[in-house]
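S.K.: Below: one structure in structure tokens.
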Amino acid sequence: MVIKKNNLIYRFKDCINETLNNPKLKVTNVQNDFLENYDDEYINSEAELFFEDNGFKLSEEVKEFCCFPANPLTLSWVVEDDFFDYEVAGGFSLRELDACLNFDENKYIIHNPDLSEGIKKILSNSYYFDIQPDVFHELATLLKRINEELNFWYIEFQSVYKLDLDLKIYLEALLITRGITNWQLFFCEKIHNKNKNNILKEKLDRILFCLKYLFPNTNFKILEERYAFHFNIENI
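Take the position in the sequence shown, starting the count at 1, then add 105; the result is the number in my numbering.
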């Protein structure tokens, strides 16, 4: 069997292996339960089962996600060297999509009483899709299905952000960032409050700085484009 290097499963395996071998990082948790043997026939079969169970099809680019482990695919890391004078960490605990959409144990429980009634209503039928393993539910991506559309929301402690992306872009950005804390903020909807926008800029500046030091051979164009979008920069 030939495994393509643009294959989604291969890329996640490679991402985890690269992180494990990065001397700047200390991996504190990893769970990688991919099957050793899979092929196009198996992937197509799992994608068809997903369609039968959920009533909508995944695009060709992400249909392999149906073959991700039933247990959350997990990676957690912290920076090992003393280059930064603040803690830098990241990771993900990615739920398999069918389980995410159908298992009540993954259903989001609203912990913040200060959320508006409108936001509470929107998030009332959402599910945990991806959490920061060492922070649990304080930093989490939620998924809500509306017909055949998957909507993503990000919880950052007491703040809630709607994300402007789809499943394909989410997985792509996760691979690029290795789940560095708050990477999702690049994809939040535009913030028009000046003070909040300044805070966002500080966070994104720091994330980009850290990523370029930790993973110098990675192309961060997708993040830089979102940065330019937020702060009305024509050339970055």
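For glycine and all other residues, C-beta sits at the position ideal for the given N, C-alpha and C.
Fair warning: this is a prediction, and the values are worked out from it, not measured in the lab.
#1: With H, G and I counted as helix, E and B as strand and the rest as coil, what does DSSP make of residue 257?
#2: So which of 141, 206, 124 has the shortest CA-CA distance to residue 133?
#3: Would you identify the three-state DSSP class for residue 266, choosing helix, strand or coil?
#4: How would you label residue 201, buried or exposed, when you count the other beta carbons within 10 angstroms and need 16 or more for buried?
#5: Along the chain, where does the alpha helix (DSSP H) that runs through residue 214 open and close?
#6: Check whether the Cβ of residue 226 lies closer than 7 Å to any heavy atom of the ligand FMN, and answer yes or no.
#7: Considering residue 114, what are the terminal residues of the alpha helix (DSSP H) in which it resides?
#8: Here's the rule I'm using: 16 or more other beta-carbon atoms within 10 Å means buried, otherwise exposed. How should residue 285 be labelled?
#9: Work out the CA separation of residue 307 and residue 301 for me, nearest whole Å.
#10: Give the single residue among 336, 277, 294 whose Cα lies nearest to the Cα of residue 325.
#11: Return the residue from the list 228, 310, 208 that minimises the CA-CA distance to residue 215.
#12: Return yes when the Cβ of residue 269 is within less than 8 Å of the Cβ of residue 294, no when it is not.
#13: Among 234, 253, 272, which has the Cα closest to the Cα of residue 175?
#14: Alpha carbon to alpha carbon, what distance is there between residue 136 and residue 116?
#15: With DSSP as the reference, label residue 324 as helix, strand or coil.
#16: Once DSSP output is grouped into helix, strand and coil, what is the label at residue 195?
#17: If you measure between the beta carbons of residue 171 and residue 185, is that distance less than 8 Å?
#18: Nearest by alpha-carbon distance to residue 143: which of 113, 320, 163 is it?
#19: Kindly indicate which residue of 126, 146, 256, 323 has the alpha-carbon position closest to the one of residue 168.
#20: So, residue 272 versus residue 255, is the Cβ gap smaller than 8 Å?
#21: Run through DSSP, which three-state label would residue 134 get?
#22: In the DSSP output, what is residue 293 paired with across the bridge?
#23: Are the beta-carbon atoms of residue 231 and residue 220 separated by less than 8 Å?
M.R.: The relevant details are as follows:
#1: It is a strand residue.
#2: For the residues 141, 206, 124, the minimum Cα distance to residue 133 belongs to 124.
#3: DSSP places residue 266 in strand when its eight states are reduced to three.
#4: When all chains shown are included, residue 201 counts as buried.
#5: Residue 214 -> no alpha helix (DSSP H), and no H or E assigned at all.
#6: The model depicted lacks the ligand FMN and carries no ligand whatsoever.
#7: Counting along the chain, the alpha helix (DSSP H) containing residue 114 begins and ends at 113-125.
#8: Residue 285 is buried by the Cβ-count criterion.
#9: CA-CA distance, residue 301 to residue 307, rounds to 10 Å.
#10: Nearest C-alpha to residue 325: 277.
#11: Out of 228, 310, 208, 228 has the C-alpha closest to the C-alpha of residue 215.
#12: For the pair residue 294 and residue 269, the CB atoms are nearer than the 8 Å cut-off.
#13: Among 234, 253, 272, the Cα nearest to that of residue 175 belongs to 234.
#14: For the pair residue 116 and residue 136, the Cα-to-Cα distance works out to about 15 Å.
#15: Here DSSP, grouped into helix, strand and coil, assigns residue 324 to coil.
#16: The answer is strand: DSSP assigns residue 195 an E or B state.
#17: The answer is no: Cβ separation not under 8 Å.
#18: Selected option, being the one with the closest Cα: 113.
#19: Minimum Cα distance to residue 168 is reached at 146.
#20: Contact: yes.
#21: Strand.
#22: Residue 293 pairs with 268.
#23: Cβ atoms of residue 231 and residue 220: not closer than 8 Å.
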